[in-house]
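**Student:** Residue numbers (our numbering): 2 to 239.
Here's a structure for you.
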């Protein structure tokens with residue numbers, strides 16, 4: 002990594018945090034993303050780093066800390082989208098909201114005391130808001146494919162949430178869409194979250210997206226008869 006005066010820059014920390022998340026080193030990712038958040042003065046980068054911190058804490062099971070950071074990311078991205086609604090600001094807002102919902106879903110799937118009708122409804126509403134903002138970003142996609150990598154990443158998870166909230170029909174519809182979208186995953190024609198993926202890594206990502214999509218259909222089938230088994234599937238697939 003290039004450094005200034007032997008110290009890590011905000012960009013260094015940001016890139017390293019993303020790599021640490023990919024590697025499953027979530028405590029390191031949270032530390033690096035927090036450092037990047039504190040160093041940068043760019044509002045958009047600050048919001049993205051808040052999202053990465055929250056994502057890392059979610060993987061660590063520290064849901065209170067994750068919710069704090071992810072809520073901040075949503076609030077900051079909302080401000081940016083209100084100031085200048087465009088492809089990027091709406092897309093990042095949608096991603097942050099969907100990431101917050103993903104954290105809420107993980108908590109529902111792993112903590113019996115959190116699995117309440119109120120929390121299930123809140124999670125569904127957050128997913129719907131996130132997917133709506135991603136859809137809004139498509140209106141600014143001149144010359145770009147209107148399918149988006151963030152759509153692919155979060156549609157299956159939204160399906161799980163809808164199913165666990167009792168919205169079986171909507172959950173299955175999203176599951177079918179997730180399977181269809183999986184074949185586009187990390188395609189070079191998309192706005193992609195991982196621009197440096199090798200061809201082999203792209204195929205692996207497509208496979209994971211397909212498994213999530215098929216898993217969404219499985220959750221939709223299993224949940225009405227065995228909610229505990231459905232939540233086990235959600236934990237494994239999310």
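All C-beta atoms, glycine included, are put in the ideal place defined by N, C-alpha and C.
1) Using the DSSP secondary-structure output, state which residues sit across from residue 73 in a beta bridge.
2) For the alpha helix (DSSP H) that contains residue 19, what are its first and last residues?
3) Under 8 angstroms, with one C-beta from each stretch per pair, do the region 132-142 and the region 90-108 reach the 3-pair mark?
4) Spatial neighbours of residue 124 within its chain, please: C-beta separation below 6 angstroms, excluding the five flanking residues on both sides.
5) Could you please give the first and the last residue of the uninterrupted alpha helix (DSSP H) stretch that includes residue 54?
6) Whole angstroms is fine: what's the gap from residue 188's alpha carbon to residue 203's?
7) Return the Cβ separation of residue 211 and residue 183 in integer angstroms, given the expectation that the two are a contact with Cβ distance under 8 angstroms.
8) May I ask you to report which of helix, strand or coil DSSP gives residue 167?
9) Under DSSP, the alpha helix (DSSP H) around residue 142 begins and ends at which residues?
10) Is the CB-CB distance between residue 157 and residue 174 below 8 angstroms?
11) Hey, how far is the Cα of residue 46 from the Cα of residue 226?
12) Taking the alpha helix (DSSP H) that residue 90 belongs to, which residues open and close that run?
13) Where do the ends of the alpha helix (DSSP H) carrying residue 231 lie?
14) Quick one, are the C-beta atoms of residue 77 and residue 110 less than 8 angstroms apart?
15) Hey, would you say residue 320 sits closer than 8 angstroms to residue 38, going by beta carbons?
16) Measure from the alpha carbon of residue 172 to the alpha carbon of each residue in 29, 143 and 213, then state which is nearest.
17) Suppose you measure from the CA of residue 10 to the CA of residue 40; what does that come to, to the nearest Å?
18) Determine, using beta carbons only, whether residue 141 and residue 87 come nearer to each other than 8 angstroms.
19) Can you tell me whether residue 1 is buried or exposed, with buried defined as 16 or more other CB within 10 angstroms of its CB?
**Tutor:** On the basis of the coordinates in this document:
1) Looking at the DSSP assignment, residue 73 forms no beta bridge with any residue, so it has no partner.
2) 11-24
3) yes
4) 102, 105, 106 and 162
5) Looking at the DSSP string, the run of the alpha helix (DSSP H) that includes residue 54 is 44-60.
6) 7 angstroms
7) 4 angstroms
8) coil
9) Run containing residue 142: none; DSSP gives neither H nor E here.
10) no
11) 44 angstroms
12) 88-111
13) Annotation: the continuous alpha helix (DSSP H) that includes residue 231 extends over 228-238.
14) no
15) Residue 320 is absent from the model: the chain starts at 2 and stops at 239.
16) Comparing alpha carbon positions, the residue from 29, 143 and 213 closest to residue 172 is 213.
17) For the pair residue 10 and residue 40, the Cα-to-Cα distance works out to about 8 angstroms.
18) yes
19) Here the chain covers residues 2 to 239 and nothing more, so residue 1 does not appear.
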